[in-house]
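Structure first, commentary second.
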């Protein structure tokens, strides 16, 4: 008899009719030739391995009066007709039909009176393929622990199904699980938990000493995240109906892009998700000005730990949905991810997943039901806008009844206030994205999955363009009146090209010439005072003379135009006042006294 940890039990307490808390996977297999007995062989294969994993035979037993977390007890009698099921897709049996069926299956909660797992063998896919949908409750294991069970669920060699199954590893439950024992062990666990807490005080003190120098920074970090987090259509109470979406990317190309830009694969996943969500929200005219915040699960497991439980916490990371260009968005995702890692490194020593609190099941479940019933997610601020998880998957080919797997898609959990979950698993040479959402809140989730693929293509194109020196030279040298569209240069912020030096010099020269002309006109006006008679004479119009080299092709402003009028009028007056040339032998005529 084993009691659930606090973290394991939370996935039970938070479950509501609208939010079943199970996770799943969809694996697609392609046999080499058509076969008729695939389901029978799969059922026989699974039944031979029932004793290899504790989750196959263990079921939950609640503690009397809900004074502590439930316990696992071994179920000797299994109804294989219930746990291993057969389904077939309607024709044409493509990915659309498969995704629709998975959404329907994932919306159905698991029966807590039985071991918390189901296998669905799905035939009818095109090209003779079949799929296996495996559903387990999240209180049983997290994603990393689930990877450790793949060697039991499937084979890693084409002929391994005919090999003899390993010996039984689940010990029989010989202890009675009656009311007195369950109650006494709950109280005993609570007392032992208190003693463990006292013994752990030196470690807590060391952890607090480590965190203390950065406490102010971390507190400001969390406050800023909560304060600046926007609301989106994803952040509302959800229904029990689901929609499922998928997409895939070549892993080698993702690695090459990450290496070229100096980021991690997880940064690429966050950047692609931000780009897809930006396009989706823009398409629906609901993109907030501030960046979204993602809840990103982080593992607490020591290296090599494969216990079948949950050892995971959520960290916060900004999604740069406010950045329009792909490569700057990737750089922003990398910076946000590094910031989140720094905070998690400080806080992880203070996180524990094993706490016994008397009465916790009753209190937490009551609060959860109140939260769901009041639809509080529609009014209160969200914890995060979306969940994005990246789990490393197997690098070896998986086989089921001799057929190799071609895809390994994850299926996770949407929740009240977070209607969309994006989970990524690597398999062989590809990244498989699985998006699960409330069908009433995000009915077109496949659009987001498709945008992920398109945004990755834009990232690769931008990265390739940055590696072409001739493209940069051509842009710098070309000075045509109408510039051709430039390829996106996105790894760095845009820098406008400086104006040519010759243009700056000509502008300065024109200013000096205009000032010189205005000054000369003013001096001539002051030096020559016209007589009243001359002022009375109508001025004869003369053609305007413009000195060579002084004309400017640019559009003149009002001040420069006025200066030219003053200069022209002064020149006309000076011409009228000049004395006429007299004939030889005659004195010049007098104009005035």
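In the numbering used here, the protein residues as written are 268 to 860. We put the beta carbon where it would ideally sit given N, CA and C, even for glycine. What you are looking at is a predicted structure, and each value in this text was computed from that prediction instead of being measured.
*For residue 407 versus residue 540, is the C-beta distance shorter than 8 Å?*
no
*Is there contact between the stretch 380 to 400 and the stretch 521 to 531, where contact requires at least three CB pairs shorter than 8 Å?*
no
*For the 8 Å Cβ check, are there 3 or more pairs between the stretch 696 to 708 and the stretch 509 to 518?*
yes
*From 580, 508, 726 and 678, residue whose alpha carbon lies closest to that of residue 707*: 508
*Could you pull out every residue in the same chain whose Cβ sits closer than 6 Å to the Cβ of residue 672, ignoring the five residues on either side in sequence?*
294, 296 and 665
*Secondary structure of residue 348, DSSP reduced to three states*: helix
*Does the beta-carbon of residue 343 have 16 or more other beta-carbons within 10 angstroms, so that it is buried, or is it exposed?*
exposed
*Among residues of its own chain, excluding the 5 on either side of residue 497, which ones have a beta-carbon nearer than 6 Å to its beta-carbon?*
555 and 557
*asked:* Please report the straight-line C-alpha distance between residue 298 and residue 668, rounded to a whole angstrom.
replied: 9 Å
*Beta-carbon proximity list for residue 658, same chain, < 6 Å, skipping 5 on both sides*: 410 and 692
*To the nearest angstrom, how far is it from the Cα of residue 699 to the Cα of residue 678?*
11 Å
*Starting from residue 683, trace the beta strand (DSSP E) both ways and give me its first and last residue.*
Looking at the DSSP string, residue 683 is not in any beta strand (DSSP E), and its letter there is neither H nor E.
*asked:* Can you find the residues in the same chain that come closer than 8 Å, C-beta to C-beta, to residue 426, ignoring five residues on each side of it along the sequence?
replied: 669
_Top-ranked residue by Cα proximity to residue 586, from 635, 652 and 609_ = 652
*Are residue 709 and residue 687 touching if we call contact CB-CB under 8 Å?*
yes
_So, for residue 682: in the same chain, excluding its five sequence neighbours on each side, which residues have a beta-carbon less than 6 Å away from its beta-carbon?_
286
*Would DSSP call residue 510 helix, strand or coil?*
strand
*Excluding the 5 residues preceding and the 5 following residue 913 in the sequence, name in chain order all residues of the same chain whose CB lies nearer than 6 Å to its CB.*
Nothing about residue 913 can be reported from this structure: the residues present for the chain run from 268 to 860 only.
*Could you pull out every unbroken beta strand (DSSP E) segment of at least 3 residues lying fully inside the stretch 295 to 339, listed in chain order?*
325 to 328
*Thinking residue 500 and residue 542 are a contact (beta carbons under 8 Å), I'd like their distance in whole angstroms, please.*
With a Cβ gap of about 18 Å, residue 500 and residue 542 do not count as contacting.
*Taking buried to mean at least 16 other C-beta atoms within 10 Å of its own C-beta, is residue 649 buried or exposed?*
buried
*Count the other C-beta atoms from every protein chain shown that fall within 10 angstroms of the C-beta of residue 675, then say buried if there are 16 or more, exposed otherwise.*
buried
*Helix, strand or coil for residue 393 per DSSP?*
helix
_So residue 364 and residue 372 are supposed to be a Cβ contact under 8 Å. How far apart are they, rounded?_
Going by Cβ atoms, the distance from residue 364 to residue 372 rounds to 13 Å, so no, they are not a contact pair.
*Could you check where the alpha helix (DSSP H) with residue 664 kicks off and where it finishes?*
First-last for residue 664: undefined, no H or E at that position.
*asked:* Quick check: what's the CA-CA separation for residue 565 versus residue 349?
replied: 34 Å
_Pull the bridge partners of residue 384 from the DSSP assignment, please._
403
*Answer yes or no: the CB of residue 521 versus the heavy atoms of the ligand GDP, is any distance below 7 Å?*
Of the ligands one can find in the structure shown there are none, so the ligand GDP has no counterpart to examine.
*Report the three-state DSSP secondary structure of residue 274 (helix, strand or coil).*
helix
*asked:* Tell me the rounded alpha-carbon separation between residue 646 and residue 640.
replied: 13 Å
*Check whether the Cβ atoms of residue 339 and residue 269 sit closer than 8 Å, and answer yes or no.*
yes
*Residues in its own chain within less than 7 Å of residue 283 by CB, not counting five upstream and five downstream?*
635, 636 and 639
*asked:* In chain order, what are the residue ranges of uninterrupted beta strand (DSSP E) at least 3 long that sit wholly in the stretch 535 to 614?
replied: 559 to 566 and 579 to 586
_I'd like the span of the beta strand (DSSP E) that includes residue 699, first residue to last._
697 to 705
*How is residue 870 classed by DSSP in three states: helix, strand or coil?*
The question about residue 870 has no answer, for the chain in this structure spans 268 to 860.
*Could you give the distance in angstroms between the alpha-carbon of residue 336 and the alpha-carbon of residue 403?*
19 Å
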